[in-house]
Amino acid sequence: MVLSLIKLVGSSSLIKASTNAGLRVSYFSTFTNRLQQQQISTQQQSIDDSIIPQIRNTVKPLNSRKTYLMDIYKYFNENNQIILFTHHNNLLSSDNEKIRKQLHAAGADFRKIKTTIFKHYLRASNHPDPASKAALRQVKKKKIRHPLEPLLKGPTAAILIKDLNPKVVKDVLQVLKTTNEKLFLVGARVGSDVLDAAKIDEFKELPTLEESRAQLVGILTMLSGAGLVRTLESTANVLHLTLDTHRQEIEKKENGEGEGESESN
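Counted from 1, the sequence shown has number 152 at position 153 by numbering that gives the first Met the number 0; the numbering is strictly sequential.
Dropping the structure here:
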């Protein structure tokens with residue numbers, strides 16, 4: 000009976016030890032799995048951070064109308080070489096549609112703008128994100144103003160022209176003449192320059208870029224031809240002078256020899 004009791008105690012101890020070992024193994028396995036999951040989650044987060052852009056810190060919410068307009072004005076300004084600024088008076092929806100079609104046929108787009116928001120954009124236009132709080136702080140700190148701001152008084156519309164093409168400007172001005180002063184020009188940005196109405200009238204008479212290139216090629220061709228003629232002429236003149244000088248020297252020598260012979264006689 001004692002032996003049976005000893006065997007029973009031994010077997011229970013062995014079962015308990017086995018159970019404890021199993022618990023330790025299970026705990027270690029669970030801990031290892033959690034650690035691996037955390038590492039995978041950290042790696043995934045770092046990948047997501049590299050792919051997903053940082054959230055913009057804008058003055059107004061991202062889905063607000065002001066942020067949208069600041070972004071669209073940035074796009075307009077950076078993707079059009081010419082922006083004509085006009086004031087509009089009592090334009091009806093039918094007028095808008097008619098003018099829009101005529102300007103599109105001339106090679107331009109027509110957009111009414113919110114002058115207050117466009118001014119904010121212009122002041123912050125040198126910042127990568129004009130709608131951001133950082134851009135606003137920069138404007139306030141440096142008290143930035145833009146040379147186009149005086150044109151933005153009253154109801155304003157922008158006529159957008161993608162390329163530096165005086166012909167398109169000329170066609171646009173012809174369209175404006177048909178609006179009976181419901182839409183009239185006040186100024187423009189051409190490239191990086193700010194032009195008033197008088198300067199725009201001068202600009203529209205300039206040749207297009209293709210015409211200017213053709214004229215330049217013609218001028219260079221003419222100059223190169225004239226230069227070649229001058230070079231050939233100068234070479235012939237030099238040769239003539241050289242031969243003439245050589246001839247005069249020979250004549251002098253001959254005359255000198257002839258005088259010497261006559262004196263000896």
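Virtual Cβ for every residue (Gly too), placed ideally from N, Cα, C. Here the structure is a predicted model, which is why all the values come from computation and not from measurement.
Asked	Found
Straight-line Cα distance separating Arg55 from Thr178	42 angstroms
Opening and closing residue of the alpha helix (DSSP H) in which Val189 lies	Segment Leu182 to Val189 is the beta strand (DSSP E) holding Val189; no alpha helix (DSSP H) there.
Residue nearest to Lys203 in terms of C-alpha spacing, selected from Ala213, Asp192 and Leu172	Leu172
Ser93 versus Ala130: straight-line alpha-carbon distance, rounded	33 angstroms
Complete alpha helix (DSSP H) runs within the region 64 to 88 (minimum length 4 residues, chain order)	64 to 77
In DSSP terms, what Lys266 is bridged to	Not covered by the structure: residue 266. The range shown for the chain is 0 to 264.
Ranges of the beta strand (DSSP E) found wholly within the region 118 to 165, counting only runs of at least 3	155 to 160
Cβ neighbour criterion (16 or more within 10 Å) applied to Lys151	The sequence as given places Leu at residue 151; Lys does not occur at that position. Counting Cβ neighbours within 10 Å, Leu151 comes out buried, since at least 16 surround it.
Near the ligand SAH: Ala105 beta-carbon under 6 angstroms from a heavy atom	Looking at this structure, you won't find the ligand SAH or any other ligand, since it has none at all.
Close-in-space but distant-in-sequence residues of the same chain around Lys113 (CB under 8 angstroms, 5 per side omitted)	Leu68
Given Leu147 as reference, the closest of Lys141, His87 and Asn76 once Cα atoms are compared	Asn76
Beta carbon of Leu163 nearer than 7 angstroms to that of Asp108	no
Opening and closing residue of the beta strand (DSSP E) in which Leu205 lies	Careful: Leu205 lies outside any beta strand (DSSP E) and carries neither H nor E.
Contacting residues, own chain, Cβ-Cβ under 6 angstroms from Ile50 (five flanking each side not counted)	Caution applies to Ile50, whose pLDDT of 45 falls short of 50 and renders its modelled position unreliable; the value that the coordinates give is listed next. Taken in chain order, the list of residues that qualify is empty.
Distance between beta carbons of Val168 and Ile199, contact taken as under 8 angstroms	7 angstroms
Beta-carbon spacing of Gly186, Asp192 below 7 angstroms	no
Span of the alpha helix (DSSP H) around Leu102	Ser92 to Ala105
Leu194 - DSSP class collapsed to helix/strand/coil	strand
Cα-Cα separation between Asp48 and Glu201, rounded to whole angstroms	Note that Asp48 scores 45 on pLDDT, short of 50, meaning its location in the model is unreliable and no value can be drawn from it.
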